[in-house]
Every structure is written in structure tokens, then in C-alpha cells.
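Those protein sequence lines, which keep their order, are chains A and B.
No gaps in the numbering here: position 287 of the first sequence is 287 in my numbering, and each next residue is one more.
My numbering runs 320 ahead of the 1-based position in the second sequence.
Note that the Cβ used here is the ideal one computed from N, Cα and C, for glycine as well.
Protein chains: 2
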Amino acid sequence: MNLEQIYHPVKPGLELVEAKLAEISSDEIPLLSQLLQYALLKVGKRVRPAITLLCGKFYSYDLELLVPMATAVEVLHIGTLVHDDIIDNADMRHGKPAVYRAWGKNSALLLGDYLFSRAGSLATTTENLRVIRRFTETLMTISGGELREGSQTFDMASARDSYYKWISDKTACLFVMASECASVLSGCPEEQVQALKDYALNFGLAFQIIDDILDFVGDPAVLGKPVGSDLSEGASTLPSILYAEKYPKDRTIHAIIVDHRKDLVPLAVEKVRASGIIDDCRSIAQEFSQRASLSLDKLPDCDARRSLKALVAFVIERNR
Amino acid sequence: MNLEQIYHPVKPGLELVEAKLAEISSDEIPLLSQLLQYALLKVGKRVRPAITLLCGKFYSYDLELLVPMATAVEVLHIGTLVHDDIIDNADMRHGKPAVYRAWGKNSALLLGDYLFSRAGSLATTTENLRVIRRFTETLMTISGGELREGSQTFDMASARDSYYKWISDKTACLFVMASECASVLSGCPEEQVQALKDYALNFGLAFQIIDDILDFVGDPAVLGKPVGSDLSEGASTLPSILYAEKYPKDRTIHAIIVDHRKDLVPLAVEKVRASGIIDDCRSIAQEFSQRASLSLDKLPDCDARRSLKALVAFVIERNR
């Protein structure tokens, strides 16, 4: 299934999300409008709104609640990207210059703050306290997780655990929140809310691992960033961790992370590519993807379930 | 009345706010804990929590609701300061290096995001939808307002109106939200909620005008920043606006704001000081202070009302 087929069950909902994003992007403050349009419109694959709507489609599919919710999730996500790109010195995002590159760091910082608040305000329109609470806490997990990562030294013994904790906080947590909020809003029984959260957690982990693989083997032209960007920024992701585990005497990764030897990044990328480690990483992503898929078996069979299963398969195959 | 006397009716509540802030500042992520302690503890005069508690003291003074609310207001406020200092290149805050100076820009950016989320989460514990909605929207007003200001050209005809809109968004808006949330949580009748909001708006405007006056006439050692910082950052505040209105042929202010002639800042400061404009600014702040005080007459006479009146008088007299 391609993405259009996967999204088909929630197509009208996704169109309403786009309309909502366009509505948000029109503000009486001209600079704010321009920033919002640049950051929010015609960017990305809308994976998070799609998952939100799909998770809300098993019981009462109330678009009055689910469209603001799905929009809130996307706006929060984009807010974190706007700030992340400042932190990571990223050049490109969604095939164009990152917001801070195009509009300056100060505007990007304020835009991120605005988006967080806007997202919270959208989530509040659901008037569901559990949903609002979960939504509000999510940015704590994401930003706190980044601070945890920032304070870590390169300790091989705990590297893999730290990595999973990190990608769980920075990536999977948003999917988990989206699945919980959507299923709660649709009146899903608690056991199935939990099953959708399990799906979302494993989906998010698989999604991020593939992202981290692509940083080693992806096409820079397609990704819009150079190969080895994570290592250059001092982040050891699954491929470099597995490499360092397999070849403990090779200090290349260690020298990059600990001694900031950025000149060694191309060599490390070559070594990881030649080592067969990327296949190991794909297998691990595949495992998370299977767990995600399995947890859906607790939910009624329907077009949304088929799409969620196809989506995690699609994510594993993606090359951008 | 000194600040201790003014705060007396809400002293036990303020102690609970301090305890809450200390509780928040202890996190399992070491770097996050250090950042939180640096940013949240033993800083500032806690004017916003005090106003929150005082506004909640006219009817049902329920500290179970008002302490999280007052803490949320302070945490949100400090989050905006952490980000503002990055934007303004500020050296000092609360008598010590700004968070980004002491811990780096990336950590400061993430800390701000964390604080926004933490504040929202605290506000959510009130379980009052009107309160949560108002709280959530506030950061939109603050960050949107900063983006409006950033996109403005120096237009004399609209300068004063733009200034009031700007300080209303960036400063008064938080006081207004605090007063509304606290009075709603205490079961205040709607007409009196409105009166407290009027108080808070005028209080906030007076508060910011005094801040802007001190940027011209304050003691740099007491303020922790050089005289003329606002002009140096390209911000025209009430003193420079009144000066440019009074002396339309003098292009000093214009040259600083439009042509970025920072070398002219000391001259502009001297001219404003010598012009008598500062007294005009004080009279305007005094007017807002009187309006604030007057609006309280719609509320029952009690220790909280006396403190709120004394607080706005105190703010007008402050030198830091």
C-alpha cells in the first residue's frame, strides 16, 4: 500500500486538518502569518495527524474532537522541530531552509513558543481533562529527554538503553500521546487504549531507528542533510552504538563523540556501512514494527486497523 | 508598606509556592535539576504568585487550587524570561548570569520549553476548563506580541499605541491571566473577575513603564544591566517615544532604531534624562496605577484588597 491508500480511511479528516492548519496560519500580525505559513503548510507527510485520526476511528469517530486533536499533535511536533533545528544547526527541513535559517534564530525561537501554546490551546478545545493533561505533559518529556541526552557521557555499557530511552522520549512519546488522546476521545475501552499506545510506542521506536539508519545510508539529496549528521552533532545513534559494541577496540566513534573529532565522521560512516551493522539495525526496527502490528490484534478488524498495520510497514521501507 | 507587609495576607500560600517550586526543581535528570534550581529558586520578588494568591483571596481561598495556579504563573513567567534573555543577548538576570550565559543556549532553549510544559501541567491540575484555556493561550499572546514588535518599523504616528499594545502583550497579559484564573478558581462573581482583570491590566502597564523608565535612569549596579539596554536592542520604549514626539526634529532616536547607530545610545540617554520626559513617563505610570487602584473599589474591602492597592503603589516607587 502506498501512503495515499493507507491514509484513505481518514482522507476527509486529514483535509480538515489541512484546513485547520491554514486557518491557524492566518494571523493579523504579518510576520507571524508568514512564519506560520512557512512552518506549517505544505510540509511533511502528516504521519502524526494520520495516526491520530486512525487511532480515533475504531469507535466514535467524532471529527469535531479529533480534527483539533490531530492538528494539535502536528502543531506541537512542528514546534519541536523549529526549536530542534536551532539546537542542531540543521540547514534544511522538509526540503527547504530550516525556519531559523530563513527567518533568524529569534523569530524561530518565538515561533516555536507560539506553536506550543497554539497546540495546547487546540488540545483544550476537546474539553477532555485526561486528554489535555496528557497533551500538556508531552513537551516536558520531549525537552527533558533532550536535556538528559545532552548531559550523557559516552558509556558503552548503558549506550543501548540510553538510546532507547532517548528516542522513546524524543520521538515515540508524541505518537503515544496522540494514540492515547485519540482513542480516549473516541470512547475506546481502556484495554484497547493501552493496545494502541503499545502500537504507537513501537511504531515510534521503529520510525526513529529508520531515521537513524538513513543518516548513515540515505541519499543526502533526498534527506536534505549530509550523511553522518548525527555523529557530527555528537549524537550516537543505534548504528554507531552497535558498531562500537561489535568492535570494542575500534575507537573511531569514541573519538568523535568524546573528543569531538568531527574529521573522523566520514571514516566512521564508511566503517559502519561496511560492517553489516545497518542490516542488524533494520532487523531491530523490524522487530519493533512487528510488535506494533501485533498489539493491534487486540482491536476490532477494520479499515483503520489495516491502515495502521500498513503504515508501520511503510515506515520501515521508507527512504526519506 | 514594604513588600513583606504587602505579602502578609498570603504569606503561608507563598511559602507553599516556594515549596512547590523546590519540588519541581528536583528531577531524576541531573542536568535538568541543576537548570531548574538555577532558574526557579531564590530568584525575583515573586510578584506574580503574590498577585495570583491575593486575587484569589476575596472569596473561597482554596490553596489546593491556588498554589498550583500561582506556581504555574511563575513557572510560565520564568520560562519566557529564559527565552527572552537569549533573544535580547541579556547578560544578567536576577543578579546572576542569564541561564543561557551560564548553561549555554541549547540548554536554555530546552529549559524554556520544559518550563512552558510544566506550567501548563500545573495549571491543568486545577481541572477548571476556563482556567486551563486562558492559561494555555497566554504564551500565544506573549510570543505573538514579540513577533509583532519585531516586525514593526519606527512610525512616530502610531508609536505610542504600538508601545501600549506591545507591553500589554508581553507583560500585562500574564498579570491579567493570573487575576482571571485566581478569581475564577475562588468563585468570584463575574463582575468582580472583570474588575480584578482591569486591576491587573493597569498594574501590568504601570509595572512595565517603570521598568522602561529604569532603563534610562536606574542604577546599572542595582539593575544588573547597562543604562540604555532597550535602545541598544533596538526597542523604543515610552521615554524615547515621548522624546521623539516632543522633539520631532531631533533624529537621534530615529538613527538608533532605524539605522542601528548604537554609538548614539549614550547621547540619547543623556538627552532623555535632561528633557524632563522621565517625569512625564512617571505621571503616565501613575495614571495607570490609579486606574488599577480604582478598579479594586468594586471588590469587598479586606486585607487582600489593601495589599493589592499597596502593591501597585510599591511598584511605582521601585528602583529595581
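Exercise for the section: Give the residues from the region 135-150 of chain A that approach chain B closer than 9 Å (Cβ to any Cβ), ordered along the chain. Expected result: Phe135, Thr136, Glu137, Thr138, Leu139, Met140, Thr141, Ile142, Ser143, Gly144, Gly145, Glu146, Leu147, Arg148 and Gly150
Exercise for the section: Rounded to whole angstroms, what's the CA-CA distance from Met321(B) to Gly376(B)? Just pull it up for me. Expected result: 21 Å
Handout entry: Run of the alpha helix (DSSP H) containing His77(A), from where it starts to where it stops
Key = Leu63 to Asp88
Practice task
Please report the residue range of the alpha helix (DSSP H) in which Cys375(B) lies.
Solution key: Val367 to Cys375
Exercise for the section: Would you verify that the beta carbon of His83(A) is, or is not, closer than 9 Å to some beta carbon of chain B? Expected result: yes
Problem - N- and C-terminal bounds of the alpha helix (DSSP H) containing His414(B) - result: First-last for His414(B): undefined, no H or E at that position.
Problem - Proximity of Lys11(A) and Pro68(A) at Cβ, strictly below 9 Å - result: no
Handout entry: Rounded separation between Leu139(A) and Val222(A) - CA only
Key = 29 Å
Practice task
For Glu23(A), count neighbouring Cβ atoms within 10 angstroms of its own Cβ and tell me buried if that reaches 16, exposed if not.
Solution key: exposed
Handout entry: Sequence-distant residues of the same chain with beta carbon closer than 6 Å to Gln194(A), five excluded per side
Key = none
Exercise for the section: For chain A, find out if any of its Cβ atoms is closer than 9 Å to the Cβ of Arg368(B); answer yes or no. Expected result: no
Problem - Euclidean distance between Cα positions of Asp489(B) and Ala90(A) - result: 31 Å
Practice task
Verify the CB distance criterion: does Phe634(B) have a CB-CB separation below 9 Å to chain A?
Solution key: no
Exercise for the section: Would you decide whether His403(B) is buried or exposed? Buried here means 16 or more other CB atoms lie within 10 Å of its CB. Expected result: buried
Exercise for the section: Taking 9 Å as the cut-off, decide whether the C-beta atoms of Pro568(B) and Phe536(B) are in contact. Expected result: No. Outside cutoff.
Exercise for the section: Would you mind sorting Leu361(B) into buried or exposed? The rule is 16 or more other CB atoms within 10 Å of its CB. Expected result: exposed
Handout entry: Minimum Cβ-Cβ distance from Thr171(A) to chain B less than 9 Å
Key = no
Problem - Cα-Cα separation between Asp198(A) and Tyr164(A), rounded to whole angstroms - result: The straight-line gap from Cα to Cα measures roughly 15 Å.
Exercise for the section: Please confirm if Glu64(A) has its CB atom under 9 Å from at least one CB of chain B. Expected result: It does not; no Cβ of chain B falls within 9 Å.
Practice task
Please decide whether Glu447(B) counts as near chain A, where near means a Cβ-Cβ distance under 9 Å.
Solution key: yes
Handout entry: Tyr163(A): contacting residues in chain B (beta-carbon distance under 7 Å)
Key = Those do not exist, as Tyr163(A) stays about 16 Å from chain B at its closest Cβ, beyond 7 Å.
Exercise for the section: Return helix, strand or coil for Ser293(A), following the three-state DSSP convention. Expected result: Here DSSP, grouped into helix, strand and coil, assigns Ser293(A) to helix.
Problem - Secondary structure of Ala159(A), DSSP reduced to three states - result: helix
Exercise for the section: Look at Ala159(A) and Ser275(A) and say whether their C-beta atoms are less than 9 Å apart. Expected result: no
Practice task
Confirm, please, whether the CB-CB distance from Gly218(A) to Leu59(A) is below 9 Å.
Solution key: The displayed chain sequence assigns Tyr, not Leu, to residue 59(A). Taking 9 Å as the Cβ cut-off, Tyr59(A) and Gly218(A) do not qualify as a contacting pair.
Practice task
Find the residues of chain A that neighbour Thr429(B), judging by a C-beta separation of less than 8 Å, and give them in chain order.
Solution key: Checking the sequence, you will find Leu at residue 429(B) rather than Thr. Taking the beta carbon of Leu429(B) as reference, the chain A residues within 8 Å of it are His83, Ile86, Ile87 and Leu109, listed in sequence order.
Problem - Neighbour-count burial assignment, Ser346(B), 16 or more Cβ in a 10 Å radius - result: Answer is exposed; the Cβ neighbour count stays below 16.
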